[in-house]
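Asker: Got a structure for you, questions after.
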Amino acid sequence: MTHSENTCQFRGEVCRNHREERNGHRAVTLWFTGLSGAGKSTIAHAVEKRLFDMGLNVYTFDGDNVRHGLCGDLGFSPEDRSENIRRIGEMTKLFMDAGVICLCAFITPRHAIQERLRAMHAPGDFHLVFVDCPVEICEERDVKGLYKLAREGKIKNYTGVSAPYEAPEAPELRLDTASETEEQCTERVLAFLRERLDPASAR
Ligand code: ADP
Numbered sequence: 000m001t002h003s004e005n006t007c008q009f010r011g012e013v014c015r016n017h018r019e020e021r022n023g024h025r026a027v028t029l030w031f032t033g034l035s036g037a038g039k040s041t042i043a044h045a046v047e048k049r050l051f052d053m054g055l056n057v058y059t060f061d062g063d064n065v066r067h068g069l070c071g072d073l074g075f076s077p078e079d080r081s082e083n084i085r086r087i088g089e090m091t092k093l094f095m096d097a098g099v100i101c102l103c104a105f106i107t108p109r110h111a112i113q114e115r116l117r118a119m120h121a122p123g124d125f126h127l128v129f130v131d132c133p134v135e136i137c138e139e140r141d142v143k144g145l146y147k148l149a150r151e152g153k154i155k156n157y158t159g160v161s162a163p164y165e166a167p168e169a170p171e172l173r174l175d176t177a178s179e180t181e182e183q184c185t186e187r188v189l190a191f192l193r194e195r196l197d198p199a200s201a202r
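Under numbering that gives the first Met the number 0, the residues of the sequence shown are numbered 0 to 202, in order.
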């Protein structure tokens with residue numbers, strides 16, 4: 000649905016295919032979902048560094064960074080969370096059009112939104128990576144000190160404490176950060192990506 004009436008999309012002469020050809024790789028979106036502290040950002044940024052060093056065109060969208068800017072007007076109610084993810088989903092589509100590999104690290108706690116994201120993208124463009132880790136371990140890590148505040152009731156709607164997290168039913172990849180090291184997880188993501196970035200493989 001759009002409220003922008005009397006607009007029509009302009010298609011330039013430079014298409015995604017041309018950009019992908021010049022880059023020598025496909026554009027795809029890897030969407031990392033999981034509890035806060037599960038390791039989404041750590042792994043996404045490690046993968047980004049490896050791909051960047053290989054000369055690939057890659058960008059990481061990170062929950063906190065986006066919430067300071069593009070989505071700074073949104074809070075953490077179910078409606079705002081949904082709108083937050085919708086905006087990022089639309090943004091990754093634009094970035095893919097620009098030939099970029101998008102690594103997205105967002106909790107994305109609801110099945111409905113995980114599936115909505117999938118439905119927004121063309122087949123083969125979107126891959127869900129479940130960064131799995133028990134809440135007890137995430138809470139022990141408490142990277143940002145927010146679990147403590149949530150337990151004290153100082154933060155409302157905190158996923159895993161006072162708001163639900165629904166593990167994806169059919170992720171393309173599942174990482175278990177409680178038993179696998181950062182390096183192992185990073186290697187598994189890179190292996191998963193290898194053939195999906197190959198411009199010669201069928202979409
Ligand atoms: P998220 O982005 O999911 O909120 P972060 O990446 O910010 O999580 O934090 C995850 C924390 O867990 C980091 O301190 C990281 O060093 C640690 N960690 C321990 N094992 C792993 C692993 N296998 N993969 C990723 N992070 C891990």
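Backbone N, C-alpha and C fix where the C-beta goes; we use that ideal spot for every residue, glycine too.
What does the alpha-carbon distance come out to for the pair ASN22 and VAL99?
Answerer: Taking the straight line joining both Cα atoms gives about 9 Å.
Asker: So, at 8 Å on beta carbons, what are the nonlocal neighbours of TYR58 in its own chain, with the 5 sequence-adjacent residues on each side left out?
Answerer: For TYR58, where only same-chain residues beyond five positions count, the Cβ hits under 8 Å are GLU47, PHE94, VAL99, ILE100, CYS101 and LEU102.
Asker: Whose C-alpha, out of ASP96, ARG25, PHE75 and VAL134, is nearest the C-alpha of MET14?
Answerer: Sequence check: residue 14 is Cys here, not Met. Of the candidates ASP96, ARG25, PHE75 and VAL134, the one whose C-alpha sits nearest the C-alpha of CYS14 is ASP96.
Asker: With 16 other CB atoms within 10 Å as the buried threshold, where does PRO77 fall?
Answerer: The residue is exposed, with fewer than 16 neighbouring Cβ atoms inside 10 Å.
Asker: Taking the alpha-carbon positions, what's the HIS120 to HIS126 distance?
Answerer: Rounded to the nearest angstrom, the two C-alpha atoms are 10 Å apart.
Asker: Using the beta-carbon count (16 or more within 10 Å), is THR88 buried or exposed?
Answerer: With the sequence shown as reference, residue 88 is identified as Gly, and Thr is not the correct amino acid for it. Result: buried.
Asker: What separation, rounded to the nearest whole angstrom, lies between the Cα atoms of ALA43 and VAL188?
Answerer: For ALA43 and VAL188, the distance between alpha carbons rounds to 9 Å.
Asker: Which residues in the same chain as ASN156 place their Cβ atom closer than 6 Å to its Cβ, once the five residues preceding and following it in sequence are excluded?
Answerer: Excluding residues within five positions, the ones whose Cβ falls inside 6 Å are PHE75 and ALA162.
Asker: Between the segment 24-44 and the segment 131-144, do three or more beta carbon pairs fall short of 8 Å?
Answerer: Counting Cβ pairs under 8 Å, three or more are found: they touch.
Asker: Where does ILE154 sit, in a helix, a strand or coil, going by DSSP?
Answerer: DSSP places ILE154 in coil when its eight states are reduced to three.
Asker: Taking only three categories from DSSP, how would you classify TYR146?
Answerer: Residue state, collapsed to three classes: helix.
Asker: Which of the three DSSP states, helix, strand or coil, is assigned to ILE106?
Answerer: It is coil, neither helix nor strand.
Asker: State yes or no: is the C-beta of ALA149 within less than 8 Å of the C-beta of VAL142?
Answerer: No, they are not a contact pair.
Asker: THR32 to LEU55, Cα distance in whole Å?
Answerer: Approximately 23 Å, taken between the alpha carbons.
Asker: Could you check where the beta strand (DSSP E) with HIS126 kicks off and where it finishes?
Answerer: Here the beta strand (DSSP E) through HIS126 covers 125-131.
Asker: Is ARG140 near the ligand ADP, with its Cβ less than 7 Å from a heavy atom?
Answerer: Checking every heavy atom of the ligand ADP against the Cβ of ARG140, one is found closer than 7 Å.
Asker: Helix, strand or coil: which one does DSSP assign to THR91?
Answerer: In this structure, THR91 counts as helix in the three-state DSSP scheme.
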